[in-house]
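Below is one structure; the comments refer to it alone.
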């Protein structure tokens, strides 16, 4: 994408991409929307985001991604929506979302998540919408939602929840919708 620094939207969805090298997007400094959904991508490369400081929407749903590494989205200081739905994600490393202070919507429904830790959502205090439906989560640990002050939509349906602690939602305040 040399010489395309003014590109606003890049739509690579519905292809057969498996690997996207780290330097692929390094010249797209004004990119705001990136569509990589509906491919065969197996991993998130933290180098993708190194020069994407203007990015606001990142769509990675319907791929074959198995984990979200620590600092996966470093440099995405303006991103407001990330969609990781319908992958094969079984692990989100602590710190994966640490630098996403502007993120308002995180979607990772229909994955293979079994465990969430109190640090899973570190850095996402401004989140308004969190969707993790149709995973395999059995337990919501205490303090999981403590950082959320702006959350209005929380969707956790179709998991394998067995126990919900008495105070798990006490720090959320009033929410508009909880499925």
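Numbering (the working numbering), first residue to last: -18 to 160.
Note that CB positions come from ideal geometry on N, CA and C, so glycine has one too.
ask   = Quick one: what's got a C-beta closer than 6 Å to residue 53's C-beta in the same chain, skipping five residues either side?
value = Translated into positions along the chain shown, residue 53 becomes position 72. The residues are 25, 27, 77.
request  = Using beta-carbon positions only, say whether residue 60 and residue 42 come within less than 9 Å of one another.
outcome  = In the chain shown, residue 60 corresponds to position 79, counting from 1. In the chain shown, residue 42 corresponds to position 61, counting from 1. Contact: no.
key: Runs of beta strand (DSSP E) wholly within the region 54 to 86 (minimum 3 residues, chain order)   = 62 to 64
request  = Leaving out five residues on either side along the sequence, give the residues of the same chain with a beta carbon under 7 Å from the beta carbon of residue 81.
outcome  = For the purposes of this step, residue 81 is identified with residue 100 of the chain shown, where counting begins at 1. If we look at residue 81 and ignore the five residues flanking it on each side, its Cβ neighbours are 54, 57, 60, 104, 105.
ask   = Straight-line CA distance for residue 108 to residue 100?
value = As a first step, residue 108 is located in the chain shown; it is residue number 127 there, counting from the start. As a first step, residue 100 is located in the chain shown; it is residue number 119 there, counting from the start. Approximately 15 Å, taken between the alpha carbons.
message = Considering just the uninterrupted stretch of the beta strand (DSSP E) at residue 136, what are its terminal residues?
response = By 1-based counting over the chain shown, the position of residue 136 is 155. Where residue 136 is concerned, the enclosing beta strand (DSSP E) stretches over 134 to 136.
task = Taking 9 Å as the cut-off, decide whether the C-beta atoms of residue 120 and residue 137 are in contact.
result = As a position in the chain shown, residue 120 is number 139, starting the count at 1. As a position in the chain shown, residue 137 is number 156, starting the count at 1. Not a contact, by the Cβ cut-off of 9 Å.
query = Along the chain, where does the beta strand (DSSP E) that runs through residue 39 open and close?
reply = Start at 1 with the first residue of the chain shown, and residue 39 comes out as number 58. Note, residue 39: beta strand (DSSP E), 38 to 40.
Neighbourhood of residue 114 by C-beta, 6 Å cutoff - its chain only, sequence neighbours within 5 removed = Position 133 of the chain shown, counting from 1, holds the residue named residue 114. So the list reads 90, 136, 138, 139, once near-sequence residues are dropped.
ask   = How about residue 11 and residue -6: do their beta carbons lie closer than 9 Å?
value = Within the chain shown, residue 11 is the residue found at index 30, counting from 1. Within the chain shown, residue -6 is the residue found at index 13, counting from 1. No, Cβ-Cβ distance for residue 11 and residue -6 is not below 9 Å.
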